[in-house]
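Residue numbers (our numbering): 204 to 362.
All C-beta atoms in this analysis are idealised placements derived from N, C-alpha and C, irrespective of residue type, glycine included.
Reviewing the structure listed below.
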């Protein structure tokens, strides 16, 4: 599921933040939650976006690209001691690469709120061609998961 924020007209020079709690859910539920970035529809009708995602079932925090058919891992880290029903803060920042000027620097962070010892930072550099224009939407993401989001915040970010 995606809950997209339509009132912001760009996704570059932005830092998105949310706090999330992932619960066990019903039988067959996945256990994940995250932030979506640069959601857009292609000319052939496919949805494409990036997502910073915490998966408590597999103890993974990653940054992924959805190309309209599959979710592709761009960066991923094993996170020890993640637990269901704990609170986590996820941030996702997108700024242009000032050196190459042909790519976008993405930083995804995971910080434990219930367990402050959890701290993960992922840095990914994405070509401008893959990132696309910066007019895509951003928002909250959970796939077949019972997850609670406590807030949604957008800040300006600088390179």
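Beta-carbon proximity of residue i to residue j, cut-off 8 Å
i: residue 260; j: residue 344; result: no
i: residue 215; j: residue 266; result: no
i: residue 236; j: residue 263; result: no
i: residue 241; j: residue 335; result: yes
i: residue 310; j: residue 362; result: no
i: residue 298; j: residue 331; result: no
Residues near residue i by beta carbon distance below 7 Å, same chain, minus five either side
i: residue 274; result: 267
i: residue 276; result: 265, 267
Sequence-distant residues of the same chain with beta carbon closer than 6 Å to residue i, five excluded per side
i: residue 312; result: 294, 324
i: residue 204; result: 345
i: residue 249; result: 271
Alpha-carbon spacing of residue i relative to residue j, whole angstroms
i: residue 247; j: residue 317; result: 43 Å
i: residue 287; j: residue 281; result: 16 Å
i: residue 221; j: residue 292; result: 6 Å
i: residue 337; j: residue 243; result: 9 Å
i: residue 351; j: residue 327; result: 27 Å
i: residue 229; j: residue 284; result: 22 Å
i: residue 232; j: residue 349; result: 7 Å
Close-in-space but distant-in-sequence residues of the same chain around residue i (CB under 8 Å, 5 per side omitted)
i: residue 359; result: 216, 217, 218
i: residue 211; result: 217, 340, 341, 357
Local Cβ density within 10 Å of residue i, reported as buried at 16 or more and exposed below that
i: residue 296; result: buried
Review point. Which ranges would you report for the beta strand (DSSP E) in the region 269-315 if only whole runs of at least 3 residues count?
Key: Within the region 269-315, the complete beta strand (DSSP E) runs of at least 3 residues are 274-281, 290-299, 306-315.
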